[in-house]
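Contents: one structure, followed by commentary.
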Amino acid sequence: MVFVFLTIASSLLSQPEEIAPVDVVAPRPSRELSAGGSAVEFETQSYRGRFQTLDEILERAAGVRVQRYGGLGSYTTLSIRGSNANQVNVYLDGIPLNTAQSAEVNLSDFNTDQLQSIQVYRSGAPGEFSRSGIGGAVNLVPFKGEGQSGVRLTGSGGSYGTYHLQARAWDDGGESQKPAWSVGLGYQRSDQDFRFRNNNGTPVINTSDDFDDIRQNAQFRDFGATGYVSFLPGSSTEFKLLNDYRYRLHGVPGPGNNQTEKTEREFWRNTTGIGTDSAGLLIDELRLKTRAFYTEGREQFFDPRQEFSFGSPNASTRYQSYGAHLIPELYLLDYYQILRPFVAVERETFQRVRRDRFHDRTDTIPRKFRSHTTLALQDEIGFFDRRLLFIPGIRHERYVDRFNDPAASGPATFEPNGHRALTEFTNAEFGIRLAVLRDSRFEFYLRGQYEEAQRVPTFFELFGEQGSVIGNTELLPERSRGGEFGPGATIRTPDFMFSGEVVAFAREVEDMILFVPNSQFSLRPENVDSAEIAGAEGSARISYLDTLDFQVDYTYQRAVNTSEVDYLNGNYLPLRPLHEFHTGLDLTFEHWAAGSEGLFVGAVFKDRTNETTNYEASRWIFNAHLSYSFFGRSHRDQEELLATIEVKNIMNTRVSDIVGFPLPGRTVYGTLTYRF
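Residue 1569 in the numbering used here sits at position 387 of the sequence shown, and the numbers go up by one each step.
This is the structure we're talking about:
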């Protein structure tokens, strides 16, 4: 079983900002997540009645770039401020979801069915997150209800045989001491047989043989179930329980000019946990939160026609992750500070079995182990009625990796029969926030953040993969240091809300791991890569009378490779555009709501060498939606019946993020949601 403790989102000294009721409008930040750093929160209720995936929501945030290996349900990764996907930490209400094997998180293994909100930390991630993050962090907050009690049923359908069904029920327990609970189920499937331009394996050189083709083997279906219970039996301690289950079965399409027919992947993951939150424990100034969790996941890879590999084309993998977090908060208000220590002990295991085309076992790769310990301390020092905040912090992490010798037999064995890698590092951070002007309706502030971070090598990098990658247990962790600074302002009146911010940032990344050819057929990871990333982000949001909501986000980012490798030095990092722009406008009336958005992604190179053949021109993507409410105008209404139609990629732009993996053109979805 898996036990997870869910923490209370607001601290005793920081209350959520008041927000007017939200109808069918675009999301906006609901509260300040990070005093010194940059963060934004999207509430999924803002998208109720619409068919929105996790990656579509995330790419609306400034500084965030999503990279897709195809359409809906395809392998999808995330980059924040020029980071690699394995440098971004992803959490489920504070529970780490990155695995030690590759560290990358596939966003398509999640959906927004059972999420309350999505928190994106470009910098200044909370001290209670257990892992150092070069590329920031994303925290997925599970659904915990929308009002006192109710049920919501949702059905969607659209292009390429896409169907989506969702059911939610919840009860907040009322004023009694009854448990608050929520439960949700979601199912979706799609054929994803969209039309794309096949270059027939001759890009740029010969376009005369290009032809329109149909995407094959990109179909998928998935199912998810989430349950949450919160119980306050006394006056000081709250107990919380969460279980999140995901299952996916999908085809694994090959490159556009060499499509597969039968290759597929089956995946399931279950995360469960329990925790407590005690206010005024032993002394009034102490708040103690705890979290314990267990995650287990399994994957089956099937390649019966050996379309991807030879010898042992199939594989089965299993990973486990479990741990405990201790999160005290000491409120020394007489001394103008809040101390937040953090202690985490975690452990992961990973095992793979190779199988032949008939899925019979051919080889068992010895199990890998990773133990992880974190000790951290953050001090929030406030002066002048908290108009001036200093937030220094320090974090120490220790990793021990073990990989058993293939010749060893019996239970898990370590040295001298196995390999062992020890990694330790200490990072510092410092945040500052100054409210230059502040009253009940207006605030103008300056804030900044300096932080150091590291990423420990993955199992794949340390121990390799038979026949293709030679492991390197001498690898150093990737290191980064950087900072940001900028002004921001908020204005709130009964009818009007404005929030805006401009941030300049810079970061250096060293000892980046690059896979260098070791022979004609194998690669070896080495610490030879580095990068300099600098830019600026601007964002603004305006709401008026719950009728108009406008948002705009712009990112300028220059990510340059400073590697020791001559042919890479000075090149742009792949898939990191110089310019990215997003804007959205939503209008809500008595029964109707309409909205549109535009996304501009600047030109990029798709590989490190910046080859012309792998150049992707800039593009605009336009989307629109129209909703009609038969009754009920807000997710706070007890009864609501809402119908929505959406058109995505209106101009039918045909592009690809990854070479050989096209994205779909225009898609249309219809959704009907009913709450009672």
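We treat Cβ as the ideally placed atom computed from N, Cα and C, and that holds for glycine.
- Contact between the region 1654 to 1669 and the region 1319 to 1333 is absent, with fewer than three C-beta pairs closer than 8 Å.
- By the criterion of at least three beta-carbon pairs nearer than 8 Å, the region 1805 to 1812 is in contact with the region 1757 to 1776.
- With 16 or more other Cβ atoms inside 10 Å of its own Cβ, residue 1712 counts as buried.
- Within the region 1665 to 1715, the runs of beta strand (DSSP E) at least 3 residues long that lie entirely inside it are, in chain order, 1678 to 1699.
- Nearest to residue 1820 by C-alpha distance, out of 1491, 1351, 1281, is 1351.
- Bridge partners of residue 1571 according to DSSP: 1564, 1615.
- In the DSSP assignment, residue 1550 forms a beta bridge with 1532, 1585.
- Only residues of its own chain outside the window of five on either side were considered, and among them 1533, 1534, 1535, 1536, 1588, 1648 have a CB closer than 8 Å to the CB of residue 1547, listed in chain order.
- One thing to note: residue 1294 has its Cβ no nearer than 7 Å to the Cβ of residue 1389.
- Secondary structure of residue 1316 (DSSP, three-state): coil.
- Taking a contact to require three or more Cβ pairs closer than 8 Å, the region 1477 to 1496 and the region 1511 to 1526 do not qualify as touching.
- In the same chain as residue 1262, and ignoring 5 residues on each side of it, the C-beta atoms closer than 7 Å to its own belong to 1245, 1246, 1270, 1304, 1317, 1318, in chain order.
- Under the three-state reduction of DSSP, residue 1239 is assigned to helix.
- Proximity to residue 1382 across 1438, 1758, 1217, 1752 peaks at 1438, based on C-alpha coordinates.
- Contact check for residue 1694 and residue 1660: beta-carbon distance about 5 Å, within the 8 Å limit, so the pair qualifies.
- For residue 1755 against residue 1743, the beta-carbon gap comes to about 6 Å, under 8 Å, which counts as contact.
- Under the three-state reduction of DSSP, residue 1452 is assigned to strand.
- Rounded to the nearest angstrom, the gap between the Cα atoms of residue 1738 and residue 1288 is 26 Å.
- With respect to the 7 Å criterion, residue 1719 and residue 1691 are not classified as neighbours on the basis of their beta carbons.
- With respect to residue 1507, residue 1473 sits close: the two C-beta atoms are nearer than 7 Å.
- Taken in chain order, the whole alpha helix (DSSP H) runs of length 4 or more contained in the region 1727 to 1809 number zero.
- Counted as a single uninterrupted DSSP element, the beta strand (DSSP E) harbouring residue 1225 occupies residues 1221 to 1225.
- The beta carbons of residue 1448 and residue 1433 sit about 11 Å from each other, so the pair does not count as a contact at 8 Å.
- In the DSSP assignment, residue 1443 falls outside any alpha helix (DSSP H), carrying neither H nor E.
- Partner residues in a beta bridge of residue 1541, as assigned by DSSP, do not exist.
- For residue 1413, the enclosing beta strand (DSSP E) covers residues 1402 to 1413.
- For residue 1269, the three-state secondary structure derived from DSSP is helix.
- Annotation: the region 1342 to 1404 contains no complete segment of the alpha helix (DSSP H) (minimum length 4 residues).
- When 1617, 1674, 1763, 1425 are compared, the shortest CA-CA separation from residue 1801 is found for 1763.
- Sequence-distant partners of residue 1414 (beyond 5 residues in either direction) whose C-beta falls short of 7 Å from its own C-beta, in its chain, are 1359, 1420.
- In this structure, the CA atom of residue 1240 is about 11 Å from the CA atom of residue 1249.
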